[in-house]
Amino acid sequence: MVDIATHSAPLEPAPEGPGAEQRAAPRVTLLIRAAKLVSGQGEFVCVIRDVSETGVSVRLFHALPGCPDFALHMPAGAIYEISRVWEKGNEAGFTFAEAAAVEKLVNESSEYPKRGLRLGLCFPVMVHTLAGSSEALVENLSQQGARLTCDRLLAIDQTVRLALPVGSGKPREVRAKVRWRRDKQYGVVFDDTFTLGEFARLAALLQAPALLGE
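Residue numbers (my numbering): 129 to 342.
Here it is, written out as structure tokens:
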């Protein structure tokens, strides 16, 4: 699970003097706050860098999808509608559709148990076991594991190998262990978890490989 660290910058005192603006939007610096951007092109990993009541800036691990409007999904479930304002390299700034409660957004991880970032990706994979190979469908994916549907009966704690269809080359093989089963649905945990960057680039490769450039 990605460890999340936050650092709150001291709020600047309200300006003084006649006609001074008394409601400057406080800004808070966030370090390694993973979230996901949802757009018409799919779901993509980002890291929130700073936020105010009116907007947020993020860093990605690839180019930003071309659509102007997104939804920012936090790991604990909060969703913020946002629109792109600027983009520079793999960084981008957005404005909130409605003013955001900064303190609530920043403290979200302390109000709920830590939850890993999970993407609602749906794609076919091959599941290899000692008994043979079967087709399966991944229904969501995280750095630590996946949920999939498979017609082959798999046992709890059974070791499997998933062949991920990454691009036009040879599938990427990931070793995993079955942790739970419900009818034909299975939850698997990867032997070697993805780093946040690897996870982000894999998500882009599966949905919109052009965002990775050459």
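Glycine included, every Cβ here is placed at the ideal spot set by N, Cα and C.
Based on DSSP bridge pairs, tell me the residues matched to D285.
Beta-bridge pairing links D285 to no other residue.
Can you tell me which of the three DSSP states G325 falls into?
If DSSP states are grouped into helix, strand and coil, G325 belongs with the helices.
For P299, three-class secondary structure by DSSP
In the structure shown, P299 sits in coil (DSSP, three-state: anything other than H, G, I, E or B).
Determine the direct distance from the alpha carbon of E326 to that of V230, and round the result to whole angstroms.
Rounded to the nearest angstrom, the two C-alpha atoms are 29 Å apart.
Between H135 and L265, what straight-line distance do the alpha-carbon atoms span, to the nearest angstrom?
Because H135 carries a pLDDT of 42, less than 50, the predicted location of this residue cannot be relied on, and the following value inherits that uncertainty. Each residue's alpha carbon lies about 40 Å from the other.
Would DSSP call V294 helix, strand or coil?
Note: V294 maps to coil in three-state DSSP.
Under 8 Å, with one C-beta from each stretch per pair, do the region 243-257 and the region 209-229 reach the 3-pair mark?
Proximity of the region 243-257 to the region 209-229 falls short of the contact definition, fewer than three beta-carbon pairs being nearer than 8 Å.
Any contact of the region 198-206 with the region 163-182, i.e. 3+ C-beta pairs under 8 Å?
The region 198-206 is in contact with the region 163-182.
Proximity below 9 Å, CB of V317 to CB of A283
Not closer than 9 Å, so no.
With distances taken between CB atoms, is the gap from G248 to N235 smaller than 9 Å?
If you check the CB distance, G248 and N235 do not come in under 9 Å.
Would you kindly work out how many angstroms separate the C-alpha atoms of W308 and R275, rounded to a whole number?
One alpha carbon belongs to W308, the other to R275, and they sit about 9 Å apart.
Taking just the CA atoms, how far does D311 sit from S185?
Rounded to whole angstroms, S185 to D311 spans 42 Å at the Cα level.
N- and C-terminal bounds of the alpha helix (DSSP H) containing L233:
Looking at the DSSP string, the run of the alpha helix (DSSP H) that includes L233 is 230-234.
Would you mind sorting L416 into buried or exposed? The rule is 16 or more other CB atoms within 10 Å of its CB.
Past the boundaries of the shown model lies residue 416; the chain is included only from 129 to 342, so the question cannot be answered.
Cutoff 6 Å; reference L339; Cβ partners in own chain excluding five residues on either side
H190, A191, A332, listed in sequence order.
Enumerate in chain order the residues of its own chain whose CB-to-CB distance from Q272 is below 7 Å, with the five nearest sequence positions on each side excluded.
Here the set comprises M129, G244, V317, F318, T321.
Could you give the DSSP three-state label for P252: helix, strand or coil?
Of the three classes helix, strand and coil, the one that applies to P252 here is strand, per DSSP.
Taking buried to mean at least 16 other C-beta atoms within 10 Å of its own C-beta, is R161 buried or exposed?
R161 comes out buried.
Determine the closest residue to V302 out of D279, C195, H256, with distance taken between C-alpha atoms.
Each of D279, C195, H256 was checked against the Cα of V302, and the nearest Cα belongs to H256.
Evaluate E171 with the Cβ neighbour count: other Cβ atoms within 10 Å of its Cβ, from every protein chain shown; 16 or more gives buried, anything less gives exposed.
Under this definition E171 is a buried residue.
Determine the closest residue to A206 out of S261, R177, L324, K232, with distance taken between C-alpha atoms.
Of the candidates S261, R177, L324, K232, the residue whose Cα lies closest to the Cα of A206 is K232.
Euclidean distance between Cα positions of A228 and V179
One C-alpha to the other measures close to 9 Å.
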